[in-house]
Amino acid sequence: MDRASMICRAIRRAILERALMPGDKLPEDQLGERFGVSRTLARHALGQLASEGLVELRRNRIAVVATPSFEDARDEFDIRVELERLVVKHLAGRLSPRQLAELSSHVEAEEQARKGPEAASLRLATEFHVRLAEMTGRPTLSRYVRETAYRSCLSLAAFGRPHSSECAISEHREVLSALESGDAARASQLMAHHLEQVAQRALLKAPDARGDLMDILAPYAEMEAPSARGRRRIADEV
């Protein structure tokens with residue numbers, strides 16, 4: 010993984026876990042310093058996140074975490090319902106034993122995360138949907154699902170009530186069971202119901218006060234640091 014991708018992954022995870030919130034500024038120079046890269050590389054990473062709908066690039070090279078409107082939030086969930094119905098219809102009865110085992114393990118990880126911070130549950134819940142889309146082997150469908158799922162996370166961060174991880178996990182299990190049995194109609198119905206339940210959590214609320222944004226990003230940068238140091242060591246040896 011290149012260093013721009015490393016930055017993308019760290020910031021994306023921080024957004025999915027609501028460490029970064031809609032409207033938070035992402036200065037190129039501070040990001041470069043935090044991740045130990047040039048401003049040019051930080052700018053490239055922000056451009057990639059902008060293409061995913063997670064970041065907005067404004068005038069004078071100012072980047073912020075995207076801020077969806079309430080109307081956008083509702084539209085995104087409507088679009089997700091139709092896209093993810095396509096996903097489960099394509100996957101019903103076609104998942105390999107390895108894929109089923111992977112999805113089952115992911116739901117187990119969601120169950121374990123329910124006992125810890127809400128942030129991890131939120132990220133894992135989103136990644137379940139993204140992974141389902143990737144398993145279709147259809148790049149365009151996967152990209153659209155990924156982008157709408159990420160944007161939905163931003164909408165819930167802006168408008169959502171506390172995440173109900175217990176409901177999400179049971180609904181994921183039901184969808185997985187329908188996929189395994191090959192019941193495309195039931196899988197489609199369950200997925201639509203699940204996403205509607207998530208959308209109904211949308212309510213306006215004021216954001217909580219937080220500290221310095223670069224300090225917030227520090228643990229996410231550190232998560233990526235070991236692999237980056239390993240790549241530099243290999244490069245030096247070569």
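Just so you know, we're using our numbering here: the sequence shown kicks off at 10 and counts up by one.
By construction, the Cβ of each residue, glycine as well, lies at the ideal position given by its N, Cα and C atoms.
Assign residue i to buried or exposed, taking buried as 16 or more other Cβ atoms, counted over all protein chains shown, within 10 Å of its Cβ.
i	result
T135	buried
A194	exposed
P250	This structure leaves residue 250 out entirely; the chain is present only between 10 and 247.
E117	exposed
G146	exposed
H203	buried
D33	buried
P77	buried
F79	exposed
C162	buried
Closer than 7 Å by C-beta to residue i: which residues in its own chain qualify, once you throw out the five before and the five after it? Chain order, please.
i	result
E233	M15, R18 and A19
L213	Any answer about L213 is weak, because its pLDDT of 41 lies below 50 and its placement is not dependable; what the coordinates show is given next. These residues qualify, in order along the chain: F168.
E143	S151
A166	R27, M30 and P31
By Cβ distance below 6 Å, which residues in the same chain neighbour residue i in space, the five residues on each side in sequence not counted?
i	result
G102	G191
Q39	M223
Quick one: what's got a C-beta closer than 8 Å to residue i's C-beta in the same chain, skipping five residues either side?
i	result
E37	R48, A51, R52, L55, R70 and A72
K98	A193, A196 and S197
I225	A23, A28, L29 and R219
Does the distance from the CB of residue i to the CB of residue j come in under 8 Å?
i	j	result
L7	E180	With the chain covering 10 to 247 only, the question about residue 7 has no answer from this structure.
R140	H115	yes
S130	A122	yes
R12	A227	no
Q206	C176	yes
Is the CB of residue i under 8 Å away from at least one CB in chain D?
i	result
E26	The chain labelled as chain D is not found in the depicted structure, where only one protein chain is given.
The region 148-160 touching the region 89-103, judged by at least three CB pairs closer than 8 Å: yes
Whole alpha helix (DSSP H) elements within the region 162-199, 4-residue minimum: 174-190
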